[in-house]
Each structure stands twice: as structure tokens, then as C-alpha cells.
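Engineer: Numbering (the working numbering), first residue to last: 6 to 120.
Just so you know, even glycine gets a beta-carbon here, dropped at the ideal spot from N, CA and C.
Could you have a look at this structure, given as C-alpha cells, before my questions?
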Amino acid sequence: MTIQRFHTGQRMSQAVVHGNTVYLAGQVGAPGQSVTAQTTEILAKIDKLLAEAGSDKSKLLQAVIWLADIGDFAEMNAVWDAWVAPGHAPARACGESKLASPDYVVEIIAVAAVD
């Protein structure tokens, strides 16, 4: 089976397609922004990567969300709920974790089906 990689660097690819599945690397927003701003930016990046891979948010299978502070759960969910395709919510997990930089407050990893 063919493997396609998008935006590949030395350490990782932003998206990898294998078969009918696209796997996205953890996406973060601009450092130092609010939870709302970072979540909005991350979801826009996810939209773009999914489109490049031949998919879209209605085909999301799974999302894993990491928050630097679980107290930001409601703020992140306000953005997520407005973005997720109605009737197409993926399997999802959300937890608190120390992220790569203290300036990041949200990171989202996603897996989706490809047409």
C-alpha cells in the first residue's frame, strides 16, 4: 500500500495517509494566545490538512485533545462545538498535559477517513 506524507520535516510529517485513513500530527496554535484563539487556529489547520489529504471534518474518526490546564475545558469546547460537523462528532478524548512549551495551551491530534 502507498503511504503519502504531507509537510514532512526531519522529525515528523504534519499528515500521513495510509489506505483510506489520514493521521494528523499534533497541531498547536500561535504561542501565547488565548485558549479560544489557539483552538480556532488549530481547527483551521486541521481543516487545511484534511483537505490536502482528500478528507474533511465530517470524516473525522478520532480526536485527542491536550490542554495545559483542564480548567480551560469549557472555553476550548465552545470553539470545538461550533466547528465540529453536526452529526459527525468523532470519538474523542481530552486530558491535561504539560505541552512542548508553556506558551501552548491546546494541542489536537486527529485521525480521519479519506475518500
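Looking at C-alpha atoms only, which residue of GLU46, LYS50 and THR7 is the closest neighbour of GLN19?
Structural biologist: Selected option, being the one with the closest Cα: LYS50.
Engineer: For GLN43 and VAL111, which I take to be in contact (beta-carbon distance under 8 Å), what is that distance rounded to the nearest angstrom?
Structural biologist: Right, the Cβ-Cβ distance comes to about 5 Å (below 8 Å), so this counts as a contact.
Engineer: Are there 16 or more other CB atoms within 10 angstroms of the CB of GLY4, so buried, or fewer, so exposed?
Structural biologist: Nothing can be reported for residue 4: it is not among the residues displayed for the chain, which extend from 6 to 120.
Engineer: What residue range is occupied by the uninterrupted alpha helix (DSSP H) comprising VAL40?
Structural biologist: Element bounds for VAL40: 40-57.
Engineer: Short of 7 Å in beta carbon distance, which residues of its chain neighbour SER63, apart from the five on each side in sequence? Order them along the chain.
Structural biologist: Once the five neighbours on either side are set aside, the close Cβ partners of SER63 are ALA90 and HIS93.
Engineer: Could you check where the alpha helix (DSSP H) with ALA83 kicks off and where it finishes?
Structural biologist: Element bounds for ALA83: 78-88.
Engineer: Hey, PRO95 and LEU72 are a contact pair by Cβ (cut 8 Å); roughly how many whole angstroms apart?
Structural biologist: In fact, because the Cβ distance is near 17 Å, the residues do not count as touching under 8 Å.
Engineer: Please check the pair GLN67 and VAL116, which I expect to be a contact at CB under 8 Å, by giving their CB distance rounded to whole angstroms.
Structural biologist: The pair is a contact, with the Cβ atoms about 4 Å apart (cut-off 8 Å).
Engineer: Residues bridged to ALA98 by DSSP?
Structural biologist: Its beta-bridge partners are VAL69.
Engineer: Considering Cα atoms alone, identify which of LEU29, GLN15, MET6 and PRO36 is closest to PHE105.
Structural biologist: Before going on, a small fix: residue 105 reads as Ala here, not Phe. Here the closest residue by C-alpha is PRO36.
Engineer: Check each candidate in LYS103, GLU46 and HIS12 and name the one with the smallest Cα separation from ILE75.
Structural biologist: Selected option, being the one with the closest Cα: LYS103.
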